[in-house]
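As structure tokens, the structure follows; a few thoughts come after it.
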Amino acid sequence: MSFSITEPSGRQKWIAGVLVVTYAVLTLIPLIWIIATGFKTPQDAIAYPPKVFFEPSLEGYVNLFTSRSRVTPEDLAALPPPDTFYDRIVRQYDMVITGPSKYGERFLNSVIIGFGSTFLSVFLGTIAAYAFSRFKVPLKDDLLFFILSTRMMPPIAVAIPIFLMYRQLGLSDTHLGMILLYTAVNLSLSVWLLKGFIDEIPVEYEEAALIDGYTRFQAFTKVVLPQAATGIASTAIFCLIFAWNEYAFVALLTSGTAQTAPPFIPTIIGTGGKDWPAVAAGATLFLVPIMVFTILLRKHLLRGITFGAVRK
Amino acid sequence: MSDPLAHRVASATPPQLAHRIRGLSDRTIAWLFVAPTIFLLLAINIFPLIWTIRLSLTNFRTNRPNNAVEFVGLENYRKILTDEDTWIALQSTAHFLIWTIVLQVLIGFTLAYLINKKFRGNDLWTTLIVLPMMLSPAVVGNFWTFLYQPQIGLFNYFIAFLTGADPASFSMIGDVALAPWAIVIVDTWMWTPFVMLICLAGLRSIPPSIYEAAECDRASKWRQFWTITIPMALPFLMLAVLFRGIENFKMFDLVVQLTGGGPGSTTLLTSIDLKREAFEKWRTGYASAYAVILFVTVFGLASIYVKALNKVKDR
Chain P
1 MSFSITEPSG RQKWIAGVLV VTYAVLTLIP LIWIIATGFK TPQDAIAYPP KVFFEPSLEG
61 YVNLFTSRSR VTPEDLAALP PPDTFYDRIV RQYDMVITGP SKYGERFLNS VIIGFGSTFL
121 SVFLGTIAAY AFSRFKVPLK DDLLFFILST RMMPPIAVAI PIFLMYRQLG LSDTHLGMIL
181 LYTAVNLSLS VWLLKGFIDE IPVEYEEAAL IDGYTRFQAF TKVVLPQAAT GIASTAIFCL
241 IFAWNEYAFV ALLTSGTAQT APPFIPTIIG TGGKDWPAVA AGATLFLVPI MVFTILLRKH
301 LLRGITFGAV RK
Chain U
1001 MSDPLAHRVA SATPPQLAHR IRGLSDRTIA WLFVAPTIFL LLAINIFPLI WTIRLSLTNF
1061 RTNRPNNAVE FVGLENYRKI LTDEDTWIAL QSTAHFLIWT IVLQVLIGFT LAYLINKKFR
1121 GNDLWTTLIV LPMMLSPAVV GNFWTFLYQP QIGLFNYFIA FLTGADPASF SMIGDVALAP
1181 WAIVIVDTWM WTPFVMLICL AGLRSIPPSI YEAAECDRAS KWRQFWTITI PMALPFLMLA
1241 VLFRGIENFK MFDLVVQLTG GGPGSTTLLT SIDLKREAFE KWRTGYASAY AVILFVTVFG
1301 LASIYVKALN KVKDR
């Protein structure tokens, strides 16, 4: 590369680097604190001054996954000795494990609803985007604007009629109901993002395929889809992150069967006050996959955020 | 909006070609492909919206389904607009909206400007800065209540360390004067990266040749910043403000978990107020009218803003 007079000087780069790294470190402290608190004992978690160095413990994770009940010391002494590490941790507090907690179920719900709605919104989004990109659809611009404007509605505003509608249709607190709802919310984003990606694929490829005797549908599946694969993948990640993080709808429309992790994690309580290590453990398991995802797929993700926003 | 090139190429395709292809006609495929999306959006977005408008003209209450539903005209709207609590909620929302946007634009633009100096490893640090905005606002917001605890909370300890105040002497979410700032801080922490990314895209869209020309004309760095960088990045900056504005007007999850609208009603943003009316007091008709008013407000403000944005873009 040739020397450019507009290239920042070494000193400028160094100052910029120091400032950005300082901000990054400060901004990451709350996240590191979540992960660290998950490995503390309840006593260490509420120590003053806050403990940066501590002896790691799995108590938070044990409490997260189990329900426990208190027993009298006599009953405890009558029990056979604990044979697992989690039994041992729980017995220190004169408690026994009575069964699994609801966390596993809620986490599974997040996975089912997240992936289900992502699949649907990317599938429907891709075919709609293809049609908008390649065909003369009547009222195209109005339809596209309509699709986009559905995103401006406050979730609580649509939640009232959806609540009533779902109750009528028997969809309240069901996986299907939540999957359809998240699909509808994500569709606007997915159509817009994917239309951008498909617009970038030259039409000539399909025309060549059509001349070679492919049907329009074959041209779509065999020529356009492989070309749009990266775009489809990054759109899918955005849809998944939205569904994974969503709180307002799921808090209002579900109460048990189809509840996902976000409304559940804040309700985790221990005996005598909030069990912060268990909350932090639940949050860690829920947030870390997204963090890892973000770091691994940074190229596509960061481009997608600005691409999606700037295009509109 | 759509790619003009693609259009020109598409319309230049000889019409005979379309006749020659086998299988479904393009028209059928177009409808087949668009229909499910339109249907789903109609069923889950538009139909509910129309239902909301209809409910807003009645005194319906979801928890009393057997009561006679009466048509009350615009009575709900009159009540809401003359209710002092609505205006208090709007004020809280405005405070939240203005301060989060000001802080996020200032910090976000500065970060983007610094990252654009292309120091070594800048993309890794950019990714790490972006992490908070990828996470669940409800889960993270809930954990911030722990960081905000007097005495044991890390945030209070940090402030105490910087200022020498007693960490147990103030409670960010329990104090009427501090709570509005507590939500501003967390929202800024979470969403500054979004503004940063958009600004970064803006800064990277400026061709270096413009700076080179300015350099030849011996324009000072300061002058270059104000006459090239800011005007050329402005459409992007305004776009970031639009998105944050819409999102924060709808703000619910983060604040509900942080403060729940309290203490008192100091952080009772309109969305939380609406949720209370609809799902705690079950005044469905009243809440529906409230929802319509909010939607019209966001839509109206956003449309005016987009007009201004387009003017800036065309300049």
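Line by line, the protein sequences are chains P and U.
Anchor point for the first sequence: position 260 equals 260 in our numbering, and the numbering is continuous, going up by one each time.
Anchor point for the second sequence: position 80 equals 1080 in our numbering, and the numbering is continuous, going up by one each time.
Glycine residues also receive a C-beta, built at the ideal position from the N, C-alpha and C atoms.
Check the C-beta distance from residue i over to residue j and give it rounded, since I have them as a contact under 8 angstroms.
| i | j | result |
| --- | --- | --- |
| residue 1093 of chain U | residue 1269 of chain U | 5 angstroms |
| residue 1266 of chain U | residue 1179 of chain U | 5 angstroms |
| residue 1058 of chain U | residue 1071 of chain U | 6 angstroms |
| residue 1244 of chain U | residue 1194 of chain U | 7 angstroms |
| residue 1130 of chain U | residue 120 of chain P | Contact doesn't hold; Cβ gap of about 27 angstroms is too wide. |
| residue 1348 of chain U | residue 1096 of chain U | Any question about residue 1348 of chain U goes unanswered here, given that chain U covers just 1001 to 1315. |
| residue 1119 of chain U | residue 16 of chain P | 5 angstroms |
| residue 201 of chain P | residue 228 of chain P | 6 angstroms |
| residue 261 of chain P | residue 107 of chain P | 5 angstroms |
| residue 1111 of chain U | residue 20 of chain P | 6 angstroms |
| residue 1117 of chain U | residue 13 of chain P | 5 angstroms |
| residue 28 of chain P | residue 1128 of chain U | 6 angstroms |
| residue 1151 of chain U | residue 48 of chain P | 6 angstroms |
In this structure, does DSSP put residue i in helix, strand or coil?
| i | result |
| --- | --- |
| residue 213 of chain P | coil |
| residue 107 of chain P | helix |
| residue 1021 of chain U | Any reading at residue 1021 of chain U must be qualified, since the residue scores a pLDDT of 45, below 50, and its modelled position is unreliable; no value is offered. |
| residue 167 of chain P | helix |
| residue 1145 of chain U | helix |
| residue 1227 of chain U | helix |
| residue 178 of chain P | helix |
| residue 1232 of chain U | helix |
| residue 1172 of chain U | coil |
| residue 260 of chain P | coil |
| residue 305 of chain P | helix |
| residue 1134 of chain U | helix |
| residue 1158 of chain U | helix |
| residue 98 of chain P | strand |
| residue 88 of chain P | helix |
| residue 1002 of chain U | Model confidence at residue 1002 of chain U stands at a pLDDT of 47, short of 50, so the residue's coordinates are unreliable; what they give is reported in the following sentence. Three-state DSSP puts residue 1002 of chain U in coil, outside helix and strand. |
| residue 1309 of chain U | helix |
| residue 149 of chain P | helix |
| residue 66 of chain P | strand |
| residue 1192 of chain U | helix |
Answer with yes or no whether the minimum CB distance from residue i to chain U is below 9 angstroms.
| i | result |
| --- | --- |
| residue 112 of chain P | no |
| residue 119 of chain P | no |
| residue 290 of chain P | yes |
| residue 55 of chain P | no |
| residue 155 of chain P | yes |
| residue 165 of chain P | yes |
| residue 122 of chain P | no |
| residue 115 of chain P | no |
Give every residue of the same chain whose Cβ lies closer than 7 angstroms to the Cβ of residue i, excluding the five residues on either side of it in the sequence, and list them in chain order.
| i | result |
| --- | --- |
| residue 1287 of chain U | 1274, 1277, 1278 |
| residue 1052 of chain U | 1288, 1291, 1292 |
| residue 56 of chain P | 39 |
| residue 1284 of chain U | 1055, 1060, 1061, 1062, 1278 |
| residue 1271 of chain U | 1250, 1251, 1252 |
| residue 36 of chain P | none |
| residue 284 of chain P | 34, 35, 38 |
| residue 1090 of chain U | 1270 |
| residue 1325 of chain U | What is shown of chain U runs 1001 to 1315, which leaves residue 1325 of chain U out entirely. |
| residue 1153 of chain U | 1146, 1147 |
Contact criterion: CB-CB distance below 9 angstroms. Does residue i meet it with respect to chain P?
| i | result |
| --- | --- |
| residue 1153 of chain U | yes |
| residue 1263 of chain U | no |
| residue 1329 of chain U | This structure cannot settle anything about residue 1329 of chain U, because the visible part of chain U is limited to 1001 through 1315. |
| residue 1157 of chain U | yes |
| residue 1067 of chain U | no |
| residue 1256 of chain U | yes |
| residue 1281 of chain U | no |
| residue 1187 of chain U | no |
| residue 1026 of chain U | yes |
| residue 1308 of chain U | no |
If you drop the 5 nearest sequence neighbours on each side, which residues of the same chain put their C-beta closer than 6 angstroms to that of residue i?
| i | result |
| --- | --- |
| residue 214 of chain P | none |
Within the same chain, show all residues whose beta-carbon is closer than 8 angstroms to that of residue i, passing over the 5 residues directly before and after it, in chain order.
| i | result |
| --- | --- |
| residue 199 of chain P | 133 |
At a threshold of 8 angstroms, does residue i count as lining the ligand NAP (C-beta to nearest heavy atom)?
| i | result |
| --- | --- |
| residue 1232 of chain U | The ligand NAP is absent from the structure shown, which contains no ligand whatsoever. |
Specify whether the stretch 276-291 of chain P and the stretch 1153-1167 of chain U touch according to this definition: at least 3 beta carbon pairs, one from each stretch, less than 8 angstroms apart. no
Does the stretch 285-300 of chain P come into contact with the stretch 234-246 of chain P, if we say contact requires no fewer than three beta-carbon pairs (one atom in each stretch) closer than 8 angstroms? yes
Using 8 angstroms as the cut-off, can you tell me whether the stretch 1201-1216 of chain U makes contact with the stretch 1074-1086 of chain U, which would need three or more C-beta pairs spanning the two stretches below that distance? Flag = no, the stretch 1201-1216 of chain U and the stretch 1074-1086 of chain U do not touch.
Using 8 angstroms as the Cβ pair cut-off and three pairs as the minimum, do the stretch 155-165 of chain P and the stretch 83-97 of chain P touch? no
contact_flag[the stretch 1153-1161 of chain U, the stretch 54-74 of chain P] where n(CB pairs < 8 angstroms) is 3 or more: no
If we count Cβ pairs, one from each stretch, closer than 8 angstroms, do we get three or more for the stretch 248-267 of chain P versus the stretch 170-177 of chain P? yes
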